[in-house]
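Engineer:
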Amino acid sequence: MEIHLARRRASYGIDSPGTLFGFACALISLTVGAVIGERAVIRLALTVFALCCAGSVALYLYATKSGKFRVWSEILDEVFLRGDERVLDLGCGRGAVLIAAARRLRTGRVVGIDLWRTQDQSGNAESRTVRNAAAEGVADRIELCTGDLRRLPFADSTFDVVLSSLAMHNIMRPADRVTAIDEAVRVLRPGGRVFVADILGTAKEYRRRLTELGMTAVRVRPLGWRMWFGGPWVRTKLVTAVKPF
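Heads up, our numbering is the position in the sequence shown plus 157, with the first residue counted as 1.
Pasting the structure below:
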């Protein structure tokens with residue numbers, strides 16, 4: 158695996174730390190209630206809920222600390238990068254996908270764009286991503302910029318591949334997410350490919366818009382339990398498409 162899971166030296170934080178904090182608070186409350194509850198049936202019910210919540214915490218931690226790395230390593234294997242491409246990572250955060258892609262390049266470059274919001278990822282900052290890239294030995298293959306996914310600061314047909322992992326759902330309005338998809342297609346070169354992994358039912362939106370834009374080979378597939386952020390109700394799906402010549 159190109160991502161070198163066992164030798165990862167950088168720190169990538171926790172995705173949506175507020176969500177994980179909510180799971181943890183619920184687990185503590187349920188556990189306390191199960192211990193001090195006066196009625197046996199209530200203690201039993203709270204214990205069951207606490208165990209379910211503990212499972213959600215475990216799944217969330219696995220997805221954000223390990224699962225997404227393994228899944229994206231497999232996705233990038235499918236991309237078959239030659240090594241000279243120009244790649245864009247939308248909402249790059251601390252650089253998990255950015256750096257994994259950079260490892261597969263020789264003369265190419267990966268550009269990462271983000272608003273660097275800590276509510277989306279713990280410790281999210283451009284300086285942190287720079288340090289992570291240096292720690293992983295790919296600093297010479299990445300470029301970073303601050304910007305809005307709805308208004309990308311790049312010319313038309315600039316990139317061979319556009320990637321995005323768990324970022325676009327943070328754009329609250331569906332119409333604005335459509336705009337972000339429009340921008341991703343605009344900056345993609347003819348023959349270029351887009352790979353967007355996201356949660357919360359957004360895959361249907363992306364597939365519909367990509368189809369409307371005339372993209373070909375538009376596909377959606379689930380990425381499996383390794384990217385369940387708390388349980389099967391927060392599944393990640395991958396949307397892929399190719400820009401026609």
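For each residue, glycine too, the CB sits at the ideal point set by N, CA and C.
Could you check whether L187 and G194 sit closer than 8 Å to each other, using their CB atoms as the reference points?
Structural biologist: No, the Cβ-Cβ distance between G194 and L187 is not below 8 Å.
Engineer: Excluding five sequence neighbours on each side, which residues of the same chain lie with their C-beta closer than 6 Å to the C-beta of R350?
Structural biologist: V318 and V399
Engineer: Since D246 sits in a beta bridge, which residues does DSSP pair it with?
Structural biologist: G269 and L320
Engineer: Consult DSSP for F180 and reduce its assignment to one of helix, strand or coil.
Structural biologist: F180: helix per DSSP, three-state reduction.
Engineer: From N281, P379 and A360, pick the residue whose C-alpha is nearest to that of P389; which is it?
Structural biologist: P379
Engineer: Would you check if the distance between the CB atom of A207 and the CB atom of A197 is smaller than 8 Å?
Structural biologist: One thing to note: A207 has its Cβ no nearer than 8 Å to the Cβ of A197.
Engineer: Is the distance from the Cβ of Q276 to the Cβ of D172 below 8 Å?
Structural biologist: no
Engineer: When DSSP builds the beta bridges, which residues end up paired with L309?
Structural biologist: DSSP, once it has assigned bridges, lists no residue as partnering L309.
Engineer: Compute the Euclidean distance between the alpha carbons of T393 and M384, then round it to the nearest angstrom.
Structural biologist: 6 Å
Engineer: How about N289 and G252: are their beta carbons less than 8 Å apart?
Structural biologist: Yes.
Engineer: How many angstroms separate the CA atom of G157 from the CA atom of Y217?
Structural biologist: Limits of the chain in this structure are 158 at one end and 402 at the other, which puts residue 157 out of reach.
Engineer: State the Cα-Cα distance for the pair L301 and R308, rounded to the nearest angstrom.
Structural biologist: 15 Å
Engineer: Please report the distance separating the alpha-carbon of L255 from that of F402.
Structural biologist: 26 Å
Engineer: Do E369 and A167 have their CB atoms nearer than 8 Å?
Structural biologist: no
Engineer: Beta-carbon within less than 8 Å of T176's beta-carbon, same chain only, minus the 5 sequence neighbours each way: which residues are those?
Structural biologist: Cβ neighbours of T176 beyond the five flanking positions: Y217, F386 and G387.
Engineer: Could you please give me the residues that DSSP links to P379 through a beta bridge?
Structural biologist: K394
Engineer: Is it right to say G404 is buried, meaning 16 or more other beta carbons lie within 10 angstroms of its own, or is it exposed?
Structural biologist: Outside the displayed span of the chain (158 to 402) sits residue 404, for which this structure offers no information.
Engineer: Is the beta carbon of L245 closer than 8 Å to that of V268?
Structural biologist: yes
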